[in-house]
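If you're matching positions, the sequence shown starts at 42 in the working numbering and goes up one per residue.
Glycine included, every Cβ here is placed at the ideal spot set by N, Cα and C.
Only a predicted model underlies this, so the values are computations on that prediction, with no experimental measurement involved.
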Amino acid sequence: MNMKLTSLLEKRYHESGRVSIAGVSFRVSGHENRLYLLPETTKDLDLIDDKGGDKAFIQNETFPFLETVTGISWQWDEANPGAGHIFEVDLDAVIQSLKGA
Numbered sequence: 042m043n044m045k046l047t048s049l050l051e052k053r054y055h056e057s058g059r060v061s062i063a064g065v066s067f068r069v070s071g072h073e074n075r076l077y078l079l080p081e082t083t084k085d086l087d088l089i090d091d092k093g094g095d096k097a098f099i100q101n102e103t104f105p106f107l108e109t110v111t112g113i114s115w116q117w118d119e120a121n122p123g124a125g126h127i128f129e130v131d132l133d134a135v136i137q138s139l140k141g142a
């Protein structure tokens with residue numbers, strides 16, 4: 042499933058595996074049901090900081106973008122010690138949607 046989501050993001054924005062969210066360029070990839078967004082340059086990191094830092098940027102920019110493009114809810118892996126942002130599909134939201142269908 043995650044490869045389809047990664048492919049959707051890549052095709053919609055850039056064939057090269059890059060995506061731009063609120064003027065910030067990310068490399069996008071997927072592995073083991075996770076979506077990875079890695080800022081491409083230090084300029085992109087500075088733009089995230091200018092927009093309030095990781096938490097604010099993810100809440101105000103990344104979540105709305107991902108949910109609009111994919112049509113599903115996401116969870117941010119805040120405990121990730123590495124570079125970039127890692128997201129997983131919000132399965133609780135998917136289950137609630139299925140219950141309501």
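Rank D91, T82, N101 and V60 by C-alpha distance to the C-alpha of A124 and give the top, closest one.
-> T82
Please state if the CB of R59 and the CB of S66 are separated by a distance shorter than 7 Å.
-> yes
In chain order, what residues of the same chain have a beta carbon less than 8 Å from the beta carbon of I89, not counting five sequence neighbours either side?
-> V65, P80, D95 and F98
Close beta carbons around Q116, own chain, < 6 Å, minus the five adjacent residues each side = E129 and D131
What's the call for V69, buried or exposed, on a 16-neighbour Cβ count within 10 Å?
-> buried
Count the other CB atoms within 10 Å of the CB of L139; is the residue buried (16 or more) or exposed (fewer)?
-> exposed
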